[in-house]
Amino acid sequence: MRGGSGKIRLFIGMAIVAFAVLKYCGSAETNEFTGETQYIDLSVEEEIALGLQAAPSMIEQHGGLHPDNRAQTLVDQVGFNLVQSSIAKESNYQWDFHLLADDRTINAFALPGGQCFITAALFNQLQNEDQLAGVMGHEIGHVIAKHSAARMSQQGLAQGVITGVSVGTEGGGQTAAAVAQMLTMKYGRDDELQSDDLGVKMMIDAGYEPQEMIGVMKILKQAAGPNRVPEFQSTHPDPDNRIERIRESIRKYRG
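Using my numbering, you'd call the opening residue of the sequence shown number 1 and step up by one each time.
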């Protein structure tokens, strides 16, 4: 009986995995801004709605919006200048740029659909407008490259595989989870490098000095301190490696 139930469990597990894979592969589309094939099952309207829905919560988590209207105006000006001067202008996203009051967490991030954020802690470390453009260009890059939407699909696939393996084999779920986590971490590092590349291109198109993005990387490196997590275990590439790739992008786009 144990052998029969094991075969049934294996069959059900394989069916779950197969469904997850078929659903993922069936969502393939070509990103019009990067030319890459991605697996995304969200429309632009759904991306915008998700970003708008999540934005208030993210603002609250970081102490609300910064009260300095002049600083917020600068963030808006730089953000919209980058959008209007680049391929991002052709998107149908709803662009909003938020300066968060958080003066402890050095960070910037983007939500699907055009919601971009920078904390006061990072903003106050920046030395000039070009560095701000480097930060915001990177975040705009995440949006037009649809990284959040793609990660959601990848996580859905990973969860399907984990569930299928857990059902189909004894003790298999833990191994599947470890493999899936490694895969999604790798995608995270690739996303960061691609956003750096897109950010460089947008900075050049908008008339900013792309070399200043290297200054941003140095700020991030200093903020991380000497006990940085090894690159392989992090979703973000090491700042030193990002600097070299940024230099390559500058050479590529400046010719």
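Beta carbons are placed, not taken as given, at the ideal position from N, Cα and C, and that holds for glycine.
Nonlocal neighbours in the same chain, by C-beta distance under 8 Å from residue i, ignoring five residues either side
i: LEU277; result: Residue 277 is absent from the model: the chain starts at 1 and stops at 255.
Residue i burial status per 10 Å Cβ neighbour count (16 or more: buried)
i: ASP196; result: buried
i: GLN61; result: exposed
i: GLN53; result: exposed
i: MET1; result: In this predicted model, MET1 has a pLDDT of only 43, less than 50, meaning its place in the structure is not dependable enough to derive any value.
i: ARG70; result: exposed
i: ARG251; result: exposed
i: GLN127; result: exposed
i: GLU45; result: exposed
i: GLU139; result: buried
i: LYS7; result: exposed
i: PRO210; result: buried
i: ARG254; result: exposed
i: GLN233; result: Model confidence at GLN233 stands at a pLDDT of 45, short of 50, so the residue's coordinates are unreliable; what they give is reported in the following sentence. Exposed, since its Cβ has fewer than 16 Cβ neighbours within 10 Å.
i: SER148; result: buried
i: GLY35; result: exposed
i: SER91; result: buried
Contacting residues, own chain, Cβ-Cβ under 6 Å from residue i (five flanking each side not counted)
i: GLY215; result: GLN131
i: MET202; result: LEU82, SER86, GLY137
i: GLY64; result: ALA101
C-alpha distance - residue i paired with residue j, whole-angstrom precision
i: VAL179; j: ARG189; result: Residue placement at VAL179 cannot be trusted, given a pLDDT of 49 that sits under 50; what the coordinates show is reported in the next sentence. Approximately 16 Å, taken between the alpha carbons.
i: ASP103; j: LEU122; result: 8 Å
i: GLN77; j: LYS218; result: 24 Å
i: GLU248; j: VAL200; result: 10 Å
i: THR184; j: LEU193; result: Low local confidence applies: a pLDDT of 49 at THR184 is under 50, so the model's placement there is unreliable, with the coordinate-based value given in what follows. Whole-angstrom Cα-Cα distance: 15 Å.
i: ALA88; j: ASP205; result: 11 Å
i: LEU50; j: ASP68; result: 27 Å
i: GLN222; j: SER57; result: 29 Å
i: ILE246; j: ASP191; result: 14 Å
i: LEU42; j: ALA224; result: 34 Å
i: PHE80; j: GLN155; result: 31 Å
DSSP state of residue i mapped onto helix, strand, coil
i: GLU209; result: coil
i: PHE33; result: coil
i: ASN241; result: helix
i: LEU65; result: strand
i: THR119; result: strand
i: LEU111; result: strand
i: GLN155; result: helix
i: LEU74; result: helix
i: LEU100; result: strand
i: GLN94; result: coil
i: GLN131; result: helix
i: GLN53; result: helix
i: GLN38; result: strand
i: GLN125; result: coil
i: ILE106; result: coil
i: ALA145; result: coil
Close Cβ partners of residue i (< 7 Å) along its chain, the five nearest in sequence each way excluded
i: LYS146; result: ASN31, GLN38, ILE40
i: GLU212; result: ASN128, ASP130, GLN131, GLY134
Beta carbon of residue i nearer than 8 Å to that of residue j
i: ILE59; j: GLY114; result: no
i: LEU111; j: GLN72; result: no
i: ALA120; j: HIS66; result: yes
i: PHE117; j: PHE109; result: yes
i: VAL143; j: TYR208; result: no
i: LEU74; j: GLY141; result: no
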